[in-house]
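To get this note's numbering, take the position in the sequence shown, counting from 1, and add 10.
Have a look at the structure below, then the notes.
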Amino acid sequence: MDITVENPVANTVALAGVAFTDTYPAGLTGALTATASPAGCTGTLTAAAGSLALTGGVVPVATTCTYAVTVTGRPGGAKLNSTGAVTSTNAARRGGGRARPERLRGTDGGEELCAGNDRRRRDLNAHHHGEQPARSEPKGT
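Written out as structure tokens, the structure is:
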């Protein structure tokens with residue numbers, strides 16, 4: 011599963027203090043390691059069996075950072091996943107609320123979820139890998 015945070019080219023400074031927590035629904039289990047890419051995307055990623063969290067993240071200008079973890083599901087069937095708010099200590103509020111729940115495909119065999127490369131977008135700009143697009147609250151001023 012990928013969660014991405016985008017700092018648009020229109021911004022003139024890196025996003026700092028980026029943070030989110032994604033607590034998985036019952037039946038989903040995440041690997042105990044996670045990755046961040048590309049280079050320059052920093053912060054502390056904490057991967058646990060039931061969640062993924064980022065604290066102190068930095069997203070350079072005109073960059074989309076991807077935070078990835080392998081997620082498996084038991085029993086099979088659709089799972090709903092929703093991240094908490096994606097925040098930054100130096101960005102104006104850009105949709106900041108929770109993402110709409112995601113549908114993730116699971117299998118009885120514990121296969122990796124989110125096969126393929128379908129990424130959906132939301133503003134402060136978290137992206138999720140799944141069937142349904144995540145939606146943000148209306149942009150604030």
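Glycine is no exception: its CB is placed at the ideal position from the N, C-alpha and C atoms.
Just so it is clear, the structure is predicted and the values come from calculations on it, not from any experiment.
Residues of its chain near residue i, where Cβ-Cβ distance is below 6 Å and the 5 sequence neighbours each way are ignored
| i | result |
| --- | --- |
| Leu38 | Val81, Gly83 and Lys89 |
| Thr31 | Ala63 and Gly94 |
| Ser47 | Thr76 |
Contacts around residue i, its chain only, beta-carbon distance under 7 Å, and the 5 residues preceding and following it disregarded
| i | result |
| --- | --- |
| Pro35 | Lys89, Leu90 and Asn91 |
| Thr56 | Ala63 |
| Ala49 | none |
C-beta contact flag for residue i and residue j at 7 Å
| i | j | result |
| --- | --- | --- |
| Thr65 | Thr74 | no |
| Ala78 | Thr33 | no |
| Val28 | Val15 | yes |
| Leu25 | Ser98 | yes |
| Asp12 | Thr52 | no |
Exposure of residue i, with buried meaning 16 or more beta-carbon neighbours within 10 Å
| i | result |
| --- | --- |
| Gly67 | buried |
| Asn100 | exposed |
| Leu87 | Rather than Leu, the amino acid found at residue 87 in this sequence is Gly. With fewer than 16 other Cβ atoms within 10 Å, it is exposed. |
| Arg113 | Because Arg113 carries a pLDDT of 36, less than 50, the predicted location of this residue cannot be relied on, and the following value inherits that uncertainty. Burial call: exposed. |
| Gly40 | buried |
Bridge partner(s) assigned by DSSP for residue i
| i | result |
| --- | --- |
| Val9 | The shown model of the chain, from 11 to 151, leaves out residue 9, and the question about it has no answer. |
| Ser92 | Ser92 pairs with nothing; no bridge assigned. |
Chain-order list of residues whose beta-carbon lies under 8 Å from that of residue i (same chain, five-residue window excluded)
| i | result |
| --- | --- |
| Val71 | Asn17, Val19, Asn21, Thr22, Val23 and Ala24 |
| Ser61 | Thr31, Asp32, Thr33, Tyr34 and Gly40 |
| Ala59 | Thr39, Gly40 and Leu42 |
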